[in-house]
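Numbering (the working numbering), first residue to last: 372 to 720.
Quick notes on the structure that follows.
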DNA sequence: GGGGAAG
DNA sequence: CTTCCCCAACGCCCG
DNA sequence: CGGGCG
Ligand SMILES: [Mn+2]
Ligand SMILES: [Mn+2]
């Protein structure tokens with residue numbers, strides 16, 4: 372049996388299963404605290420102080436234009452993260468952050484910051500680590516609530532880049548990420564690769580959820596429920612990436628070196644390593660249009676889908692209509708032993 | 001973006 | 001008080 | 001070891 376046929380057969384089965392479940396499962400998820408939030412910052416004052424979670428927080432440079440082509444300011448960005456906080460927090464709460472800072476907007480100089488030791492307010496939780504680069508003990512910042520989310524945003528972090536694991540179980544990711552990074556590809560090819568990944572995972576009865584990256588690609592998340600370590604997540608990602616690549620060799624690649632990819636889409640599974648990150652769900656991106664990494668229904672992942680359709684201007688409206696459709700990634704993790712057995716029986720290991 | 005030194 | 005300057009990642013992988 | 005990579 373070749374892998375494609377196996378996927379086809381199982382596609383039919385799983386489609387039926389999903390249809391039956393749909394009427395039961397399609398209840399809209401209620402996100403606590405998300406109803407009718409007022410705006411956090413007024414449209415005029417350049418500096419404003421707000422008490423959030425008991426902390427007096429000062430927000431500065433609020434009229435600084437972060438997205439010049441779209442005339443979106445730092446104030447707009449902070450108001451967005453305030454509004455989206457109830458939706459984004461379940462995915463970032465208690466996760467150490469890689470800060471990707473744009474203090475002068477998306478066209479200004481940018482830098483990464485991991486260590487916030489002695490720099491963040493004392494109420495911002497941190498996670499200690501040792502840097503082998505310079506032999507010093509340092510601390511990641513951790514988002515724990517609305518205040519710490521807004522704190523990192525106020526530093527110019529347009530993107531929210533959380534670890535896949537929480538401080539409680541730092542070695543055990545909540546999910547495995549398949550990151551589709553197109554190069555000289557059409558977006559239809561990205562969609563095709565995502566749908567093939569979905570079919571393949573359906574065939575081995577592994578749940579998966581898709582979102583736009585907000586940039587050019589798509590992210591597929593598989594719930595791991597902190598049951599395994601990063602090495603296991605990465606190796607599972609590698610197996611899936613190889614299977615997808617084997618079926619779409621014409622336009623995908625799993626080569627790490629860019630020049631070895633010859634313009635093909637990179638199926639990036641290496642973000643499933645300790646401390647590696649991608650922009651989380653509902654994160655803004657430092658790109659023209661002020662796009663948002665937006666969770667999708669699988670039936671939206673088809674030609675016609677456009678990443679630029681999901682932006683700071685409409686993300687909250689979509690959330691109010693649809694609710695949070697990404698909660699599945701927070702569900703119970705897959706059974707890796709069972710899954711590996713299914714892969715072996717269907718695809719010959 | 002923020003802190004500290006210099007002007 | 002304003003202006004200037006400086007600082008703000010990391011670890012794996014491969015040749 | 002240095003450079004590429006995301
Ligand atoms: Mn990507
Ligand atoms: Mn990537």
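The beta-carbon is built from N, C-alpha and C at its ideal position, and this holds for glycine as well.
Just how far apart, CA to CA, sit residue i and residue j?
{"i": "residue 505", "j": "residue 469", "result": "18 Å"}
{"i": "residue 476", "j": "residue 688", "result": "24 Å"}
{"i": "residue 570", "j": "residue 610", "result": "15 Å"}
{"i": "residue 387", "j": "residue 607", "result": "Low confidence applies to residue 387: its pLDDT is 44, below 50, so where it sits in the model is not reliable enough to give any reading."}
{"i": "residue 624", "j": "residue 636", "result": "6 Å"}
{"i": "residue 599", "j": "residue 585", "result": "28 Å"}
{"i": "residue 622", "j": "residue 686", "result": "31 Å"}
{"i": "residue 591", "j": "residue 479", "result": "30 Å"}
{"i": "residue 452", "j": "residue 498", "result": "23 Å"}
{"i": "residue 532", "j": "residue 458", "result": "15 Å"}
{"i": "residue 483", "j": "residue 578", "result": "33 Å"}
{"i": "residue 678", "j": "residue 526", "result": "26 Å"}
Can you find a heavy atom of ligand 2 that lies under 7 Å from the Cβ of residue i?
{"i": "residue 642", "result": "yes"}
{"i": "residue 554", "result": "no"}
{"i": "residue 631", "result": "no"}
{"i": "residue 545", "result": "no"}
{"i": "residue 639", "result": "yes"}
Can you determine whether any heavy atom of ligand 3 sits closer than 7 Å to the C-beta of residue i, and answer yes or no?
{"i": "residue 502", "result": "Looking at this structure, you won't find ligand 3 anywhere; what it does contain is ligand 1 and ligand 2."}
So what does DSSP say about residue i, is it helix, strand or coil?
{"i": "residue 579", "result": "coil"}
{"i": "residue 415", "result": "coil"}
{"i": "residue 422", "result": "strand"}
{"i": "residue 642", "result": "coil"}
{"i": "residue 590", "result": "strand"}
Going by C-alpha to C-alpha distance, which of the options sits closest to residue i?
{"i": "residue 641", "options": "605, 673, 574", "result": "605"}
{"i": "residue 442", "options": "659, 694, 665", "result": "659"}
{"i": "residue 618", "options": "556, 433, 718", "result": "718"}
{"i": "residue 500", "options": "491, 510, 493", "result": "510"}
{"i": "residue 715", "options": "597, 575, 508", "result": "575"}
{"i": "residue 440", "options": "662, 700, 412, 419", "result": "662"}
{"i": "residue 431", "options": "691, 423, 412", "result": "412"}
{"i": "residue 541", "options": "664, 649, 466", "result": "466"}
{"i": "residue 596", "options": "488, 548, 616", "result": "548"}
{"i": "residue 445", "options": "552, 524, 581, 626", "result": "524"}
Counting by C-beta, which residues lie closer than 5 Å to a heavy atom of ligand 1, in chain order?
Proximity annotation: ligand 1 has residues 550, 552, 584, 588 in chain order, each selected because its CB is closer than 5 Å to a heavy atom of the ligand.
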